[in-house]
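S.K.: Structure incoming, see below.
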Amino acid sequence: MPYFDGQSFIKNVKISGLFRDIPIIMLSAAHDLDLQVSKMPFQVDAYMPKPFNPTSLNQPSIKY
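Heads up: the sequence shown at position 7 corresponds to 7 in UniProt numbering, and the numbers run straight through without jumps.
Written as structure tokens, this is what we have:
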């Protein structure tokens, strides 16, 4: 993204009155994704590690 990194984008979406209820699914190539997500000031609704299989979007953990 040209103007935000992922965390800045999530922060702006979550504090926005207009977009705060939109679910955020984070895709990341980070090695320790659980640790990275737990340190974020704003929580995502779901996350998946990259690379991922598109059929995994049907998993029960991805409810959006």
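Glycine included, every Cβ here is placed at the ideal spot set by N, Cα and C.
No experiment lies behind these values; they were computed from the predicted model shown.
#1: Taking 8 Å as the limit between beta carbons, can you name the residues of its chain near G6, skipping five residues before and five after?
#2: Got a sec, what are the start and stop residues for the beta strand (DSSP E) I25 sits in?
#3: Based on the DSSP output, what are the partners of P49 in its beta bridges?
#4: Between R20 and K11, how many whole angstroms is the CB-CB distance? I'm expecting something under 8 Å.
#5: Counting along the chain, where does the alpha helix (DSSP H) carrying Q7 start and finish?
M.R.: To lay it out plainly:
#1: M26 and S28
#2: I25 to S28
#3: S28
#4: Not quite, the Cβ-Cβ distance comes to about 11 Å (not below 8 Å), so this is no contact.
#5: G6 to I15
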